[in-house]
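Novice: Sharing a structure with you now.
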Ligand code: SF4
Ligand code: SF4
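Protein chains in written order, with my numbering: chain A, 1 to 394; chain B, 1001 to 1104.
In structure tokens form, the structure reads like this:
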């Protein structure tokens, strides 16, 4: 029997970490992810985990300590947000290229500046090319579930890549909602042991990690890293299937909500997808054929699947809680439109909305603007503006 | 320099499918296969007759290029790896190491 509880998204992530019982957690506090290591250090103090908790002096050190611990042969985890993630930047790339499946709980917060502690996706979106797998979560349950699956995905021999599990700062990280937890022994059996091929603490087989890698071999390592990310898609689906059998909770590369006969859809990450589901229900009650696609896996990007899914609609709005400042559209928009182009999907009209930056509240009325616009485009076939800001005063 | 054990390394023509993940070097001691001697512009010359075998030069060489024989005495330099940094020249209290321009 699963355990019915109620807790915040941060506590849910900390509980997942407790059940995973990693060898090392190295973390530095930053709003809104602070509670994750805070709860976790309490578990350490209470002796309910075997983890070595390293209270580092910065996020750069947090990720560096994780790299060392993981290279030694242990499981390492951390949590951060916004500028904390930015301070980890160079080490994020080193973790990925060194093929160290570290797991990071990313509680999304806008990356300064301007200085702001609230939610958008500019932190993790900035790290999208660092070589980390990225999973996104609508609520505390998905944040917990994704975190439980993260080790299995990252540590798979065909993958060996670090995994970032993202949820929305404050909106889900601090909101207390119902949740279903797995029993400790079931998590332990599901997550299993970490047995990497190479580990620094294997004294009978000495290795060097992170050597100088020049023109002769660096390119081959990058090609191999690209393959690992390609392999990750299959592994994510396999692990998710196993998780479904264990919990009854089904996860794919993205979730489709009321899309079967939809004319138009919005594509939305994380908590705002929940708001959009409510609006979809309202519009459906009025007979309007609207739907929602909520990506769960952003890295690897499900190019084939998302292009095929979107090919069925007349109009699509891609919603970005981060701007790329490329004067053309946000990161999710450019990924989706390039996926559609590459796969020869030219039917749907696609527009982009930048929304909710710096924690600007996203209300049902905002989502209604999007669906109204999409229904208008589906009707007229005309797009007057591709790159738009939603809910900004103008 | 002859080595007692067989040294394995990552081949220069290895394909991406076969290279170790993340650049891990699973074979110890193979820096020996990387010849750094041709980086040298200055060359240390061991003056055997002045040498007192005090061995002060041996530990300072950053490239382990001062070779010691079975009886614990220094012999000539390992010119496959000596980079010509001159540290041993400075350290020798008996001026038993000359330092000359390479190629002269
Ligand atoms: S320091 Fe000079 S004298 Fe001493 S062993 Fe080396 S070369 Fe010989
Ligand atoms: S010159 Fe430098 S590298 Fe060469 S033997 Fe002397 S200390 Fe070693």
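For glycine and all other residues, C-beta sits at the position ideal for the given N, C-alpha and C.
Out of A:357, A:314, A:326, state which residue places its alpha-carbon closest to the alpha-carbon of residue 380 of chain A.
Specialist: Reading the first chain from its first residue, position 380 is the one you call residue 380 of chain A. Closest option to residue 380 of chain A, Cα to Cα, is A:314.
Novice: Determine, using beta carbons only, whether residue 1003 of chain B comes closer than 7 Å to chain A.
Specialist: What you label residue 1003 of chain B is simply residue 3 of the second chain in a count that begins at 1. Low per-residue confidence applies at residue 1003 of chain B: pLDDT is 46, beneath 50, and the placement is therefore not dependable enough to give any value.
Novice: What whole-angstrom Cβ distance do residue 1015 of chain B and residue 220 of chain A have, given they're in contact under 8 Å?
Specialist: In the second chain, the residue the question calls residue 1015 of chain B occupies position 15. In the first chain, the residue the question calls residue 220 of chain A occupies position 220. Contact holds; Cβ gap of about 7 Å.
Novice: Roughly how many whole angstroms lie between the Cα atoms of residue 71 of chain A and residue 296 of chain A?
Specialist: On the first chain, residue 71 of chain A is found 71 positions in, with the first residue counted as 1. On the first chain, residue 296 of chain A is found 296 positions in, with the first residue counted as 1. Between residue 71 of chain A and residue 296 of chain A, the C-alpha separation is close to 28 Å.
Novice: May I ask you to check if the CB of residue 1092 of chain B is nearer than 6 Å to at least one heavy atom of ligand 4?
Specialist: Among the ligands in the structure shown, ligand 4 does not appear; only ligand 1 and ligand 2 can be found there.
Novice: Taking only runs that begin and end inside the region 326–385 of chain A, name each unbroken alpha helix (DSSP H) of 4 or more residues, in chain order.
Specialist: Those alpha helix (DSSP H) runs which fall completely within the region 326–385 of chain A and span 4+ residues are 331–342, 364–380.
Novice: Assign residue 1054 of chain B to one of two classes, buried (16 or more other C-beta atoms within 10 Å of its C-beta) or exposed (fewer than that).
Specialist: To locate residue 1054 of chain B, count along the second chain from 1; it is residue 54. Looking at its Cβ environment, which holds fewer than 16 other Cβ atoms inside 10 Å, residue 1054 of chain B is exposed.
Novice: With distances taken between CB atoms, is the gap from residue 53 of chain A to residue 14 of chain A smaller than 7 Å?
Specialist: Within the first chain, residue 53 of chain A is the residue found at index 53, counting from 1. Within the first chain, residue 14 of chain A is the residue found at index 14, counting from 1. In this structure, residue 14 of chain A does not lie closer than 7 Å to residue 53 of chain A by Cβ.
Novice: I'd like the span of the alpha helix (DSSP H) that includes residue 35 of chain A, first residue to last.
Specialist: The sequence position of residue 35 of chain A within the first chain is 35, counting from 1. Where residue 35 of chain A is concerned, the enclosing alpha helix (DSSP H) stretches over 35–45.
Novice: Counting only the same chain and skipping the five closest in sequence on each side, list residues whose C-beta sits under 6 Å from that of residue 11 of chain A.
Specialist: Residue numbering aside, residue 11 of chain A sits at position 11 when the first chain is read from its first letter. Taken in chain order, the residues that qualify are 39.
Novice: Just to confirm the assignment, what range does the alpha helix (DSSP H) spanning residue 126 of chain A have?
Specialist: As a first step, residue 126 of chain A must be located in the first chain, where it is residue number 126. Run containing residue 126 of chain A: 122–126, per the alpha helix (DSSP H) assignment.
Novice: With hydrogens ignored, establish whether the beta-carbon of residue 1053 of chain B is closer than 6 Å to any heavy atom of ligand 1.
Specialist: Translated into the one-based positions of the second chain, residue 1053 of chain B becomes position 53. Yes, ligand 1 has a heavy atom inside 6 Å of this Cβ.
Novice: Any beta carbon of chain D sitting closer than 7 Å to that of residue 1024 of chain B?
Specialist: This model lacks chain D altogether, as its protein chains are A and B.
Novice: Flag this pair as yes or no: are the beta carbons of residue 19 of chain A and residue 202 of chain A separated by less than 7 Å?
Specialist: For the purposes of this step, residue 19 of chain A is taken as the residue at position 19 of the first chain. For the purposes of this step, residue 202 of chain A is taken as the residue at position 202 of the first chain. Against a cut-off of 7 Å, the Cβ pair of residue 202 of chain A and residue 19 of chain A comes out as no contact.
Novice: Taking the C-alpha atoms as reference points, what is the distance between residue 1081 of chain B and residue 1065 of chain B?
Specialist: The sequence position of residue 1081 of chain B within the second chain is 81, counting from 1. The sequence position of residue 1065 of chain B within the second chain is 65, counting from 1. Cα-Cα distance, rounded: 6 Å.
Novice: Using a Cβ-Cβ cut-off of 7 Å, state whether residue 1028 of chain B counts as contacting chain A.
Specialist: If you number the second chain from 1, residue 1028 of chain B lands on position 28. Closer than 7 Å: yes.
Novice: Identify, in the order they occur along the chain, each residue of the same chain with its Cβ nearer than 7 Å to the Cβ of residue 369 of chain A, setting aside the five sequence neighbours on each side.
Specialist: Translated into the one-based positions of the first chain, residue 369 of chain A becomes position 369. Closer than 7 Å at Cβ, skipping near neighbours: 390.
Novice: Does residue 254 of chain A come out as helix, strand or coil in the three-state DSSP assignment?
Specialist: What you label residue 254 of chain A is simply residue 254 of the first chain in a count that begins at 1. Note: residue 254 of chain A maps to strand in three-state DSSP.
Novice: For the region 1033–1091 of chain B, which segments carrying the alpha helix (DSSP H) assignment without a break, of at least 4 residues, lie completely within its bounds, in sequence order?
Specialist: Runs of the alpha helix (DSSP H) inside the region 1033–1091 of chain B: 1087–1091.
Novice: Three-state secondary structure (DSSP) at residue 193 of chain A?
Specialist: If you number the first chain from 1, residue 193 of chain A lands on position 193. In the structure shown, residue 193 of chain A sits in coil (DSSP, three-state: anything other than H, G, I, E or B).
Novice: Please identify, using Cβ separations under 8 Å, the residues of the region 202–213 of chain A that lie next to chain B, in order along the chain.
Specialist: Those would be 205, 206, 207, 208, 209, 210, 211, 213, in chain order.
Novice: Would you kindly check if the distance between the Cβ of residue 75 of chain A and the Cβ of residue 194 of chain A is under 7 Å?
Specialist: Counted from its first residue, the first chain places residue 194 of chain A at position 194. Counted from its first residue, the first chain places residue 75 of chain A at position 75. Yes, the pair counts as a contact, with Cβ atoms nearer than the cut-off.
Novice: What residue does the alpha helix (DSSP H) around residue 141 of chain A start on, and which one ends it?
Specialist: For the purposes of this step, residue 141 of chain A is taken as the residue at position 141 of the first chain. Per DSSP, residue 141 of chain A belongs to the alpha helix (DSSP H) from 140–154.
Novice: Quick check on the DSSP output: what are the complete beta strand (DSSP E) runs of length 3 or more inside the region 244–288 of chain A, in order along the chain?
Specialist: Runs of the beta strand (DSSP E) inside the region 244–288 of chain A: 254–257, 264–267.
Novice: Using beta carbons (cut-off 7 Å, strictly below), is residue 1032 of chain B in contact with chain A?
Specialist: For the purposes of this step, residue 1032 of chain B is taken as residue 32 along the second chain, with counting starting at 1. Chain A contact via Cβ: absent.
Novice: Have a look at residue 1056 of chain B and residue 1097 of chain B and give me their C-alpha separation to the nearest angstrom.
Specialist: Counting from 1 along the second chain, the entry for residue 1056 of chain B is found at position 56. Counting from 1 along the second chain, the entry for residue 1097 of chain B is found at position 97. C-alpha separation (whole angstroms): 12 Å.
Novice: Shorter than 7 Å from the beta carbon of residue 1006 of chain B to some beta carbon of chain A?
Specialist: Taking the first residue of the second chain as 1, we reach residue 1006 of chain B at position 6. It does not; no Cβ of chain A falls within 7 Å.
Novice: What are the residues of the region 1038–1057 of chain B that lie near chain A, defined by any Cβ-Cβ distance shorter than 9 Å?
Specialist: Listed by position, the residues of the region 1038–1057 of chain B near chain A (Cβ gap below 9 Å) amount to none.
Novice: Residues in the region 76–99 of chain A with C-beta within 8 Å of chain B's C-beta atoms, listed in sequence order?
Specialist: Those would be 97, 98, 99, in chain order.
Novice: Would a C-beta distance cut-off of 7 Å place residue 147 of chain A and residue 165 of chain A closer than the cut-off?
Specialist: For the purposes of this step, residue 147 of chain A is taken as residue 147 along the first chain, with counting starting at 1. For the purposes of this step, residue 165 of chain A is taken as residue 165 along the first chain, with counting starting at 1. Closer than 7 Å, so yes.
Novice: Helix, strand or coil for residue 11 of chain A, going by three-state DSSP, please let me know.
Specialist: Here the question's residue 11 of chain A lines up with position 11 in the first chain. Reduced to three states, the DSSP call for residue 11 of chain A is helix.
Novice: If I measure Cβ to Cβ from residue 137 of chain A and keep anything under 6 Å in the same chain, skipping five residues before and after, which residues do I get?
Specialist: Walking along the first chain from the start, residue 137 of chain A turns up at place 137. Once the five neighbours on either side are set aside, the close Cβ partners of residue 137 of chain A are 143, 146, 167.
Novice: Quick one: is residue 132 of chain A buried, meaning 16 or more other Cβ sit within 10 Å of its Cβ, or exposed?
Specialist: For the purposes of this step, residue 132 of chain A is taken as the residue at position 132 of the first chain. It is buried - the Cβ of residue 132 of chain A has at least 16 other Cβ atoms within 10 Å.
Novice: Is it buried or exposed, residue 1048 of chain B, if we count other Cβ atoms within 10 angstroms and call 16 or more buried?
Specialist: In the second chain, the residue the question calls residue 1048 of chain B occupies position 48. Residue 1048 of chain B comes out exposed.
Novice: Looking at residue 1079 of chain B and ligand 2, is the gap between the Cβ and the nearest heavy atom below 6 Å?
Specialist: In the second chain, the residue the question calls residue 1079 of chain B occupies position 79. Checking the Cβ of residue 1079 of chain B against ligand 2 gives no.
Novice: Tell me whether the beta-carbon of residue 318 of chain A lies closer than 7 Å to the beta-carbon of residue 352 of chain A.
Specialist: Numbered from its first residue, the first chain carries residue 318 of chain A at position 318. Numbered from its first residue, the first chain carries residue 352 of chain A at position 352. Result yes, Cβ atoms of residue 318 of chain A and residue 352 of chain A sit closer than 7 Å.
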